[in-house]
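Participant:
2 protein chains.
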Amino acid sequence: MPKQTFHNLPVKKRQKIVNAAIHEFAEYGFESASINRIVVKSEISKGSFYQYFEDKMDVFHHLLELIAHEKAEFFKDKHPPDMGQGVFEYFRWLVKTGMEFNSSSPSLVRAITRVLFVEGLYYGKLFEEYQQKANAAITMMIKQAMKLGEVDPSIDVEMAVMVMETWTNAITNYILHEGLKQKDIMKWIKSAKTQEKLDKFLYVMEYGLRKTESRFEKRF
Amino acid sequence: MPKQTFHNLPVKKRQKIVNAAIHEFAEYGFESASINRIVVKSEISKGSFYQYFEDKMDVFHHLLELIAHEKAEFFKDKHPPDMGQGVFEYFRWLVKTGMEFNSSSPSLVRAITRVLFVEGLYYGKLFEEYQQKANAAITMMIKQAMKLGEVDPSIDVEMAVMVMETWTNAITNYILHEGLKQKDIMKWIKSAKTQEKLDKFLYVMEYGLRKTESRFEKRF
DNA sequence: ATACAATATGACTATCTGGTCACATGACCA
DNA sequence: TGGTCATGTGACCAGATAGTCATATTGTAT
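The listed protein sequences derive, respectively, from chains A and B. Residue numbering for the first sequence follows my numbering, starting at 1 and increasing by one per position. Residue numbering for the second sequence follows my numbering, starting at 1 and increasing by one per position.
See below:
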């Protein structure tokens, strides 16, 4: 946790530090992120940095708190579709709204996903608890969907969860990778073309790649 | 390219260096890999290292050559199923045989995939050409499969390729992550249980997560 | 045995890292 | 005005990094 001194800082100064940290983690990942570069970029002294944070991990933890808070704020007044529409419809909404959030704070999301879901693979226990949090929600969803006969029960829960996580990550990476090339990322996300692409991604997850007669007529 | 001096080295010494490098890249990725640790682990002097290689990138390039060569050797006497069986059958064979190769050199594969497909995302142009090589083969395969009506043509080629790559990467990560915990990784790969898991992964890619009446009877 | 080339070595440079600490500055209150 | 406390500072530390180079050792051919 950042120290009290950090929270006492004027907003603009705090933001300057946070932005520098976001940029650093997004650009270099956790291991190679440099505190020296962060202090130079945010125009504070090395000593001040350590008056605000315990260490490198502490800054990163602050970014985690930040994204959690921002995500909660973002989702507060969004309304998910009725559960009666089925999990896939719900998941589609979740991914699409999630991508809108991602494009509202692309650098922050990029920093977090890079460290947590990309490097996290190799850091083992270090970031495991955060991944488990995301995991828990999806597991619940899948279990319910299997009960309702929506998800193929011959695929076990664990695997279905992995499939959904794999897709969420793949889509997030795709969106950040392509989106950051755009002038107006939010506009790009909401464009019909991008939305159709998202639909196709989710359609493949739902129905697979193979062409089957019965399904084809209800395609795009 | 490693210098001639390196290729003149006695085989055992060369292997010791290569193994140290593999271990280093697998453990730390490209950016954080340390040449100092490599020379200590392989019991050569710093000076010798720079008599063998230009720099860090040069060692990594040697590992790329190595895996290309080993993969070619491994696949040389393997026989893919007849193309008449369809792309999905072919892809299934490709993935399964690929995973056998992965488990024959797990550390090397881990080192390469980590740098190329995980960090490569962020290094931008640096490793792009290698990714495009893998890409080209899959693209060919998909195009043909669409012509033959096996792959849903409403999913465009580019996306189908991405789906297959995403799965290949996800499965590779899964296999290396789980497999390295096993005593005998090759035995584990070839076990009925693991093979069934691979089948399920590929089944989901082919038919999706959703339960549909027509498909269910032919499940596991 | 001599000469010459190939190979091996580790001390050394310049630069970076995360982190500490004695001190300086500023704000607020008595 | 003087005192107190929060905040700010950058020189400094020990340890790491990639890369160089003069010197030493080894191998080989004559």
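The beta-carbon is built from N, C-alpha and C at its ideal position, and this holds for glycine as well. Since this is a predicted model, take the numbers as computed values, not measurements.
#1: Based on Cα-Cα distance, which residue from B:Val151, B:Asp55, B:Ala134 lies nearest to glutamate 206 of chain B?
#2: What are the boundary residues of the alpha helix (DSSP H) that arginine 221 of chain A is part of?
#3: Going along chain B in order, which residues have a C-beta closer than 8 angstroms to the C-beta of threonine 113 of chain A?
#4: Can you have a look at valine 40 of chain B and say buried or exposed, based on whether 16 or more other CB atoms are within 10 angstroms of its CB?
#5: Roughly how far, in whole angstroms, is the beta-carbon of glutamate 119 of chain B from the beta-carbon of phenylalanine 30 of chain B, given that I think they are within contact range, below 8 angstroms?
#6: Exposed or buried, which one is histidine 23 of chain A when buried takes at least 16 other CB atoms within 10 Å?
#7: Around the Cβ of lysine 200 of chain A, are there at least 16 other Cβ atoms within 10 angstroms (buried) or fewer (exposed)?
#8: Classify phenylalanine 220 of chain B as helix, strand or coil using the three-state DSSP reduction.
#9: Can you tell me where the alpha helix (DSSP H) holding glutamine 85 of chain A begins and where it ends?
#10: So, is the C-beta of methionine 57 of chain B closer than 8 angstroms to a C-beta in chain A?
#11: For tyrosine 130 of chain A, which residues from the same chain have a beta carbon less than 8 angstroms from its beta carbon, with the 5 sequence-adjacent residues on both sides left out?
#12: Between the region 140-148 of chain A and the region 69-80 of chain A, do at least 3 Cβ pairs fall closer than 8 angstroms?
#13: Taking Cβ-Cβ distances below 7 angstroms as the criterion, which residues of the region 70-90 of chain B are in contact with chain A?
#14: Between B:Met83, B:Tyr28, B:Phe101, which lies nearest to lysine 187 of chain B when the distance is taken from Cα to Cα?
#15: Which residues in chain B have a C-beta closer than 8 angstroms to the C-beta of arginine 210 of chain A? List them in chain order.
#16: Mind pulling the chain B residues with CB within less than 9 angstroms of tyrosine 52 of chain A?
#17: Does chain A have any CB closer than 8 angstroms to the CB of threonine 166 of chain B?
#18: Would you say asparagine 173 of chain A faces chain B, with C-beta separation under 8 angstroms as the test?
#19: List the whole-angstrom C-beta distance separating alanine 33 of chain B from lysine 56 of chain B, where the pair is believed to meet the contact cut-off of C-beta under 8 angstroms.
#20: So with Cβ pairs under 8 angstroms, would you call glutamate 24 of chain B a contact of chain A?
#21: Which bits of chain A does methionine 289 of chain B rub up against, with CB to CB less than 8 angstroms?
#22: Just confirm the distance between the C-beta atoms of alanine 26 of chain B and arginine 110 of chain B, as a whole number of angstroms; I'd bet it's less than 8 angstroms.
#23: Just to confirm, are tyrosine 52 of chain B and proline 2 of chain B a CB contact at a threshold of 8 angstroms?
#24: For chain A, find out if any of its Cβ atoms is closer than 8 angstroms to the Cβ of glutamate 178 of chain B; answer yes or no.
#25: Starting from the beta carbon of isoleucine 155 of chain B, find every residue of chain A whose beta carbon is closer than 8 angstroms, and list them in chain order.
#26: Going by the CB atoms, is the gap between leucine 209 of chain A and alanine 160 of chain B shorter than 8 angstroms?
#27: Output, in chain order, the set of chain A residues within a Cβ distance shorter than 7 angstroms of valine 118 of chain B.
#28: Would you report the Cα separation of histidine 61 of chain A and lysine 12 of chain B, rounded to the nearest angstrom?
#29: Could you confirm whether any beta carbon from chain B is found closer than 8 angstroms to the beta carbon of alanine 170 of chain A?
#30: By the DSSP assignment, the alpha helix (DSSP H) with methionine 146 of chain B in it spans what residues?
#31: Could you compute how far the alpha carbon of phenylalanine 216 of chain B sits from the alpha carbon of valine 204 of chain B?
#32: Pull out every residue of the region 28-52 of chain A whose Cβ sits closer than 9 angstroms to any Cβ of chain B, in chain order.
#33: Starting from the Cα of glutamate 54 of chain A, find the closest Cα among A:Val163, A:Thr5, A:Gln182, A:Trp167 and give me that residue.
Facilitator: Reading it off the structure:
#1: One-based indexing of the second sequence puts residue 206 of chain B at position 206. When each option's Cα is compared against that of glutamate 206 of chain B, the closest is B:Val151.
#2: Coverage of chain A is limited to positions 1 through 220, which leaves residue 221 of chain A absent and any answer about it impossible.
#3: As a position in the first sequence, residue 113 of chain A is number 113, starting the count at 1. Under the 8 angstroms cutoff, chain B gives no residues; its nearest Cβ is about 10 angstroms from threonine 113 of chain A.
#4: Within the second sequence, residue 40 of chain B is the residue found at index 40, counting from 1. Under this definition valine 40 of chain B is an exposed residue.
#5: Within the second sequence, the letter at position 119 stands for residue 119 of chain B. Within the second sequence, the letter at position 30 stands for residue 30 of chain B. The pair is a contact, with the Cβ atoms about 6 angstroms apart (cut-off 8 angstroms).
#6: Within the first sequence, residue 23 of chain A is the residue found at index 23, counting from 1. Buried, by the Cβ-count rule.
#7: In the first sequence, the residue the question calls residue 200 of chain A occupies position 200. Answer is buried; the Cβ neighbour count reaches 16.
#8: For the purposes of this step, residue 220 of chain B is identified with residue 220 of the second sequence, where counting begins at 1. Bear in mind that the predicted position of phenylalanine 220 of chain B carries a pLDDT of just 45, short of 50, making it unreliable; the figure below should be weighed with that in mind. In this structure, phenylalanine 220 of chain B counts as coil in the three-state DSSP scheme.
#9: In the first sequence, residue 85 of chain A corresponds to position 85, counting from 1. From DSSP, glutamine 85 of chain A is part of no alpha helix (DSSP H); its letter is neither H nor E.
#10: If you number the second sequence from 1, residue 57 of chain B lands on position 57. Answer no: the Cβ-Cβ gap between methionine 57 of chain B and chain A never drops below 8 angstroms.
#11: By one-based count along the first sequence, residue 130 of chain A stands at place 130. Cβ neighbours of tyrosine 130 of chain A beyond the five flanking positions: Leu64, Leu116, Gly120.
#12: no
#13: If the cut-off is 7 angstroms between Cβ atoms, the region 70-90 of chain B has Phe88 near chain A.
#14: For this step, residue 187 of chain B is matched to residue 187 along the second sequence. Of the candidates B:Met83, B:Tyr28, B:Phe101, the one whose C-alpha sits nearest the C-alpha of lysine 187 of chain B is B:Phe101.
#15: What you label residue 210 of chain A is simply residue 210 of the first sequence in a count that begins at 1. Simply Phe88, Glu150, Val151, Asp152, Glu206, Tyr207.
#16: Along the first sequence, read from residue 1 onward, the residue named residue 52 of chain A stands at position 52. The premise fails here: tyrosine 52 of chain A is roughly 25 angstroms from chain B at the closest Cβ pair, so nothing lies under 9 angstroms.
#17: Walking along the second sequence from the start, residue 166 of chain B turns up at place 166. Yes, threonine 166 of chain B lies at the interface with chain A (some Cβ there is under 8 angstroms from its Cβ).
#18: Taking the first residue of the first sequence as position 1, residue 173 of chain A is located at position 173. Chain B, which has a Cβ nearer than 8 angstroms to the Cβ of asparagine 173 of chain A, makes this yes.
#19: As a position in the second sequence, residue 33 of chain B is number 33, starting the count at 1. As a position in the second sequence, residue 56 of chain B is number 56, starting the count at 1. Their Cβ separation, rounded to whole angstroms, is 7 angstroms, which keeps alanine 33 of chain B and lysine 56 of chain B in contact under 8 angstroms.
#20: Position 24 of the second sequence holds residue 24 of chain B. Not an interface residue.
#21: Residue 289 of chain B is absent from the structure shown; chain B starts at 1 and stops at 220.
#22: For the purposes of this step, residue 26 of chain B is taken as the residue at position 26 of the second sequence. For the purposes of this step, residue 110 of chain B is taken as the residue at position 110 of the second sequence. That pair is a contact at about 4 angstroms.
#23: By 1-based counting over the second sequence, the position of residue 52 of chain B is 52. By 1-based counting over the second sequence, the position of residue 2 of chain B is 2. Result yes, Cβ atoms of tyrosine 52 of chain B and proline 2 of chain B sit closer than 8 angstroms.
#24: As a first step, residue 178 of chain B is located in the second sequence; it is residue number 178 there, counting from the start. Interface annotation, glutamate 178 of chain B: not in contact with chain A, CB-CB separation never under 8 angstroms.
#25: Reading the second sequence from its first residue, position 155 is the one you call residue 155 of chain B. The contacting residues are Lys200, Tyr203, Val204, Leu209.
#26: Walking along the second sequence from the start, residue 160 of chain B turns up at place 160. Walking along the first sequence from the start, residue 209 of chain A turns up at place 209. Result yes, Cβ atoms of alanine 160 of chain B and leucine 209 of chain A sit closer than 8 angstroms.
#27: Taking the second sequence and counting its residues from 1, the one referred to as residue 118 of chain B is at position 118. Result: Val118.
#28: Here residue 61 of chain A refers to the residue found at position 61 when the first sequence is read from its first residue. Here residue 12 of chain B refers to the residue found at position 12 when the second sequence is read from its first residue. When rounded, the distance between both Cα atoms is 46 angstroms.
#29: Mapped onto the first sequence, residue 170 of chain A falls at position 170. It does; some Cβ of chain B falls within 8 angstroms.
#30: Along the second sequence, read from residue 1 onward, the residue named residue 146 of chain B stands at position 146. That run of the alpha helix (DSSP H) goes 128-147.
#31: Numbered from 1 along the second sequence, position 216 holds the residue referred to as residue 216 of chain B. Numbered from 1 along the second sequence, position 204 holds the residue referred to as residue 204 of chain B. At phenylalanine 216 of chain B the pLDDT is 45, less than 50, meaning the model places this residue with poor confidence and gives no usable figure here.
#32: Tyr28, Gly29, Glu31, Ser32
#33: Position 54 of the first sequence, counted from the start, is the residue given in the question as residue 54 of chain A. For glutamate 54 of chain A, the nearest C-alpha among the options comes from A:Thr5.
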